[in-house]
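Visitor: Residue numbers (the working numbering): 32 to 297.
After the structure tokens below, expect a handful of questions from me.
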């Protein structure tokens, strides 16, 4: 893998107002289909908070990204070839649907077809996975603008680490800091751990621009890439049995146009 160029996009966090326009337009362009209901290639999180999926930064649990061995060489946190082979059909380091959220829609037909009466009809939430009524308990931006109460902020792995390791002075300054919005897409890393984790070689980094993509014909759905990504920005399409991720809108990049999320940012 020898990329000759590396495209990049800068997100100015001082200007982000948390409107989620980038998330919605990306959703409509890339993941508005069966099997991808829970997937947001671009999501905007409030920090401090758990993020999406929940606590994805806790690499002691998920084992994503790289680490240095005793000789100072890079190795995957999730383990090498033999470890992957041992768990290729049963990967224990995967986020569950409850870590993302169970996608839902509403029973709108109950509103439109309701007969005349003295009570108000309601549209109940219905799971997009099994079509059954459900109770909403989490979503990709459940704690938006710290709306999920301070308890969610305490569950942020970065906050936990700061409280454990920082001095009292640094800790006090951090806890007095105001919240901020964090838009997130795939980083298209210079040395992507998802590509190194893929046993079938389906993940690859384009040499001409450095964009990381998934070859759908070669993907076998083993999801080692999901484990390997420290940002959890590779997703599993439960309809096709393949991995999918942010494409950096490469069809637009190839003709000189910006990505959908950057063009629609207000």
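Backbone N, C-alpha and C fix where the C-beta goes; we use that ideal spot for every residue, glycine too.
Note that the structure is a prediction, hence the values are computed from the model and not measured.
1. Counting only runs of 4+ residues fully inside the region 123-201, write out the alpha helix (DSSP H) ranges in chain order.
2. Mapping DSSP to helix, strand and coil, what is residue 255?
3. Under a Cβ-count criterion, where at least 16 other Cβ atoms within 10 Å of its own Cβ denotes burial, should residue 54 be classed as buried or exposed?
4. Buried or exposed for residue 41, going by 16 or more other Cβ atoms inside 10 Å?
5. Can residue 240 be considered in contact with the ligand SAM, in the sense that its beta carbon sits closer than 7 Å to one or more heavy atoms?
6. Mind checking residue 224: buried by the 16 CB within 10 Å criterion, or exposed?
7. If we ignore side chains and look at the alpha-carbon of each, how far apart do residue 162 and residue 156 end up?
8. Curious, which full-length alpha helix (DSSP H) runs of at least 4 residues does the region 211-254 contain?
9. Compute the beta-carbon to beta-carbon distance between residue 95 and residue 259, rounded to the nearest angstrom, for a pair I have assumed lies under 8 Å.
10. For a test of the three-state rule: what should DSSP assign to residue 46, helix, strand or coil?
11. Under the three-state reduction of DSSP, which class applies to residue 295: helix, strand or coil?
Guide: Answer, in terms of the structure:
1. For the region 123-201, the continuous alpha helix (DSSP H) assignments of 4+ residues that do not extend past its boundaries occur at 128-131, 140-143, 181-185 and 188-196, in sequence order.
2. Correct three-state label for residue 255: helix.
3. Looking at its Cβ environment, which holds 16 or more other Cβ atoms inside 10 Å, residue 54 is buried.
4. When all chains shown are included, residue 41 counts as exposed.
5. Questions concerning the ligand SAM fall outside what the structure shown contains, since it holds no ligand whatsoever.
6. By the beta-carbon neighbour count (other beta carbons within 10 angstroms, threshold 16), residue 224 is buried.
7. Approximately 10 Å, taken between the alpha carbons.
8. As summarised for the region 211-254, the continuous alpha helix (DSSP H) elements at least 4 residues long and confined to that stretch are 224-228, given in chain order.
9. By a beta-carbon distance limit of 8 Å, residue 95 contacts residue 259. Their separation comes to about 6 Å.
10. Of the three classes helix, strand and coil, the one that applies to residue 46 here is coil, per DSSP.
11. In this structure, residue 295 counts as helix in the three-state DSSP scheme.
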